[in-house]
Amino acid sequence: MRFAPSPTGALHLGSARTALFNWLFARSQGGDFLVRVEDTDRARSTPEAVRVIFDSLEWLGLRGDEPAVFQSERRAEHARRAHELLERGGAYKCFATADELDEMRRAAKAEGRPMRYDRRWRDKPPKTDGSPFAVRVRAPLEGEIVIRDHVQGEVRVRCEELDDMVLLRADGSPTYMLSVVVDDHDMDITHVIRGDDHLTNAFRQTLLYRAFGWEAPEFAHIPLIHGADGAKLSKRHGAVSTLAYRDAGILPEALCNYLLRLGWGKGDMEEFSLDEARAHFTLAGVGRGAARFDARKLSHLNGYWIRRLESADLLERIRPRLEEMLGGAVADLSPVARALPELRTRSEDINALAASALFYLRAPRNADNKAAKILGEVDSARWTSLEKFLGGIADADWHAERLEIEVRDFAERAAVSLGSLAQPLRAAMTGTAVSPPIFGVLEVLGRDEVLRRMGAAFGLESAD
RNA sequence: GUCCCCAUCGUCUAGCGGUCCAGGACAUCACUCUUUCAAGGUGAAAACACGGGUUCGAUUCCCGUUGGGGACGCCA
Numbered sequence: 002m003r004f005a006p007s008p009t010g011a012l013h014l015g016s017a018r019t020a021l022f023n024w025l026f027a028r029s030q031g032g033d034f035l036v037r038v039e040d041t042d043r044a045r046s047t048p049e050a051v052r053v054i055f056d057s058l059e060w061l062g063l064r065g066d067e068p069a070v071f072q073s074e075r076r077a078e079h080a081r082r083a084h085e086l087l088e089r090g091g092a093y094k095c096f097a098t099a100d101e102l103d104e105m106r107r108a109a110k111a112e113g114r115p116m117r118y119d120r121r122w123r124d125k126p127p128k129t130d131g132s133p134f135a136v137r138v139r140a141p142l143e144g145e146i147v148i149r150d151h152v153q154g155e156v157r158v159r160c161e162e163l164d165d166m167v168l169l170r171a172d173g174s175p176t177y178m179l180s181v182v183v184d185d186h187d188m189d190i191t192h193v194i195r196g197d198d199h200l201t202n203a204f205r206q207t208l209l210y211r212a213f214g215w216e217a218p219e220f221a222h223i224p225l226i227h228g229a230d231g232a233k234l235s236k237r238h239g240a241v242s243t244l245a246y247r248d249a250g251i252l253p254e255a256l257c258n259y260l261l262r263l264g265w266g267k268g269d270m271e272e273f274s275l276d277e278a279r280a281h282f283t284l285a286g287v288g289r290g291a292a293r294f295d296a297r298k299l300s301h302l303n304g305y306w307i308r309r310l311e312s313a314d315l316l317e318r319i320r321p322r323l324e325e326m327l328g329g330a331v332a333d334l335s336p337v338a339r340a341l342p343e344l345r346t347r348s349e350d351i352n353a354l355a356a357s358a359l360f361y362l363r364a365p366r367n368a369d370n371k372a373a374k375i376l377g378e379v380d381s382a383r384w385t386s387l388e389k390f391l392g393g394i395a396d397a398d399w400h401a402e403r404l405e406i407e408v409r410d411f412a413e414r415a416a417v418s419l420g421s422l423a424q425p426l427r428a429a430m431t432g433t434a435v436s437p438p439i440f441g442v443l444e445v446l447g448r449d450e451v452l453r454r455m456g457a458a459f460g461l462e463s464a465d
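For the first sequence, the residue numbers in our numbering are 2 to 465.
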């Protein structure tokens, strides 16, 4: 198996899914998962993009079994193979100029035909005056190419639909079509799983395999991911880069889970860890139609994984984000650790989770609109007596269960609702009107801190 | 335009001739739990694109229509 992205920008979600399927298939079959960077387009390929690909795969947990191959480093080999073919008559020199090709394109368009090279140099003796030439494959003129695709089934196309594609450009550089075939052959690739948009390339490539006298690999063309409007997923649908999801607080577990279930199904199962996916994955489960990307389901799955992760693991994942917000290393994360069970059911991404945990580590500096309003309606005499009351609670009784009993009791004696005490407390402790159950919050914060925040409550600036 | 692919609830899907007045999940709406917000639980609404065949019987097989998508580079 191989995953062969071209480093021309961010790693697209569709590519991430292709990588995932390749990885899963390799793992389920006991094969190797190789990464090959298709950087033959020196103009568009950048080192940063290569970095992004590796970072993305690393983050997703899809590591290659061998060091990545850079296609650009194999250019000489690709050219050698093309010249070999040229000598054997499987390819020929084409001296058509760019202008001539443009003319063909124009004519084709005018007649409503797809652009096909007219093979004008196929049977002509090559020029010997040193003019630049491209090398084209001598493709069969008739018959048909049949592909038994593991996802799409049997697909056939008549040879008339194909033309003599370029193997080596006029400057001697190998084209994608040549490089892919030579590399897949040399790397002993047995299965090619890639996006549906390559289906037509599969015909051209099998043709090339045939010209070389090699056996073509098995193909599986998986449907593309579409945006909500049904068109191929692109920037205008929102974030399309894998790392953008990482930065948005999505867990790799969730993204893999989502990408797997998008266009693939296994009975009624919805949640899959990478391990479970590996155990269940089959190409037969891959659907044939394109699937639309649904950010809300991703979000739901992310919440699911936030709830499922080991506490220690989850804590480490939000640590960097907490430190960023606090502007420095956090020595003691234990308040957050204690609150984690309550916290984790309330966020669908880990950025929000970290933000919601902040008040456990630092007193609120201001109150949002709702909290300010709640605080504004507090009877200060009662507030003071509640403060005194809480201050009198013994250390041994300072835990959520006991505090709830005590405060309920206090409310009853004062003949007020529990909410009229709980909400102001929440506002004072967190600066917001929404948080985990307040008595748990009080417990984790500790009496001293609670009293401190109660005292500072009316000094909080209103900010939203 | 040409070639190719696809077609089950709004979305992702299960279904591989009778088990389907079509199952699950997200989203939606109720109810429940509840000091807030979630999560959880219970329930509701929601689909086999259409037309022909084949068959005792089609969501499932075949053909056509319609609709959607992809590919048509000396890019990858």
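C-beta atoms are modelled at their ideal positions from N, C-alpha and C, and glycine is treated no differently.
- Helix, strand or coil: which one does DSSP assign to A332? As a first step, residue 332 must be located in the first sequence, where it is residue number 331. It is coil, neither helix nor strand.
- Item | Contact belief for I223 with G266 at Cβ below 8 angstroms, rounded distance in angstroms | Working through the first sequence from its first residue, we reach residue 223 at position 222. Working through the first sequence from its first residue, we reach residue 266 at position 265. Actually they are not in contact, since the Cβ atoms of I223 and G266 sit about 13 angstroms apart, beyond 8 angstroms.
- Item | Span separating the alpha-carbon of P175 from that of L310 | As a first step, residue 175 must be located in the first sequence, where it is residue number 174. As a first step, residue 310 must be located in the first sequence, where it is residue number 309. Taking the straight line joining both Cα atoms gives about 47 angstroms.
- Would you list the one or two residues that DSSP bridges to L315? The sequence position of residue 315 within the first sequence is 314, counting from 1. In the DSSP output, where bridge partners are listed per residue, L315 has none listed.
- Complete alpha helix (DSSP H) runs within the segment 24-74 (minimum length 4 residues, chain order): 48-61
- Item | Segment limits, alpha helix (DSSP H) that includes E450 | Mapped onto the first sequence, residue 450 falls at position 449. Looking at the DSSP string, the run of the alpha helix (DSSP H) that includes E450 is 448-457.
- Among R139, V136, S335, V158, nearest to E145 - alpha-carbon criterion: Position 144 of the first sequence holds residue 145. Measuring from the Cα of E145, the nearest candidate turns out to be V158.
- Item | Same chain, Cβ closer than 6 angstroms to F360, neighbours up to 5 away in sequence not counted | For this step, residue 360 is matched to residue 359 along the first sequence. Correct list, in chain order: T431.
- Message: Quick check on the burial criterion: 16 or more other C-beta atoms within 10 angstroms. Buried or exposed for F459?
- Response: By one-based count along the first sequence, residue 459 stands at place 458. Burial call: exposed.
- Message: Taking a contact to mean a Cβ-Cβ separation below 7 angstroms, would you say I226 touches F134 in this structure?
- Response: One-based indexing of the first sequence puts residue 226 at position 225. One-based indexing of the first sequence puts residue 134 at position 133. No, they are not a contact pair.
- Which residue's Cα is closest to the Cα of G447: M166, A364, A416, T433? Within the first sequence, numbered from 1, the residue matching residue 447 stands at position 446. The shortest C-alpha separation from G447 is found at A364.
- Message: Run through the DSSP bridge pairs and tell me what R159 is partnered with.
- Response: Position 158 of the first sequence, counted from the start, is the residue given in the question as residue 159. According to DSSP, R159 bridges with E145.
- Task: Just tell me which of L35, R107, D164, G214 has its CA closest to the CA of R117.
- Result: Along the first sequence, one-based indexing puts residue 117 at 116. Checked all of L35, R107, D164, G214; the closest Cα to R117 is D164.
- Residue range of the beta strand (DSSP E) that includes G196: Locating residue 196 in the first sequence gives position 195, counting from the first residue. Segment 192-196, the beta strand (DSSP E) holding G196.
- Closest Cα partner of E216 within the set L200, T191, D230: As a first step, residue 216 must be located in the first sequence, where it is residue number 215. Residue T191 is the option with its Cα nearest to E216.
- Below 7 angstroms CB to CB, which residues in the same chain sit around R170 once its five sequence neighbours on both sides are set aside? Position 169 of the first sequence, counted from the start, is the residue given in the question as residue 170. Excluding sequence neighbours, R170 sits near A135, T176.
- Starting from L302, trace the alpha helix (DSSP H) both ways and give me its first and last residue. In the first sequence, counting from the first residue as 1, residue 302 sits at position 301. It spans 296-309 - the alpha helix (DSSP H) in which L302 sits, taken as one unbroken run.
- Query: Three or more beta-carbon pairs under 8 angstroms between the segment 409-425 and the segment 380-399, yes or no?
  - Reply: yes
- Message: Please return the same chain residues whose Cβ sits closer than 7 angstroms to the Cβ of V445, not counting the five positions on each side in sequence.
- Response: For the purposes of this step, residue 445 is taken as the residue at position 444 of the first sequence. Correct list, in chain order: P336, R339, A340, Y361.
- How many whole angstroms separate the CB atoms of A255 and L302, which I take to be in contact at a CB cut-off of 8 angstroms? Taking the first sequence and counting its residues from 1, one reaches residue 255 at position 254. Taking the first sequence and counting its residues from 1, one reaches residue 302 at position 301. With 8 angstroms as the limit, A255 and L302 qualify as a contact, their Cβ atoms being about 5 angstroms apart.
- In or out: G441 buried (at least 16 other Cβ within 10 Å) or exposed? Here the question's residue 441 lines up with position 440 in the first sequence. Buried is the call here.
- Item | Beta-carbon gap between F220 and I319 smaller than 7 angstroms | Numbered from its first residue, the first sequence carries residue 220 at position 219. Numbered from its first residue, the first sequence carries residue 319 at position 318. In this structure, I319 does not lie closer than 7 angstroms to F220 by Cβ.
- Message: Could you check whether the segment 341-358 touches the segment 384-400, counting it as contact only if at least three pairs of C-beta atoms, one from each stretch, sit closer than 8 angstroms?
- Response: no
- Query: Between the beta-carbon of D369 and the beta-carbon of T433, is there less than 7 angstroms?
  - Reply: Within the first sequence, residue 369 is the residue found at index 368, counting from 1. Within the first sequence, residue 433 is the residue found at index 432, counting from 1. Cβ atoms of D369 and T433: closer than 7 angstroms.
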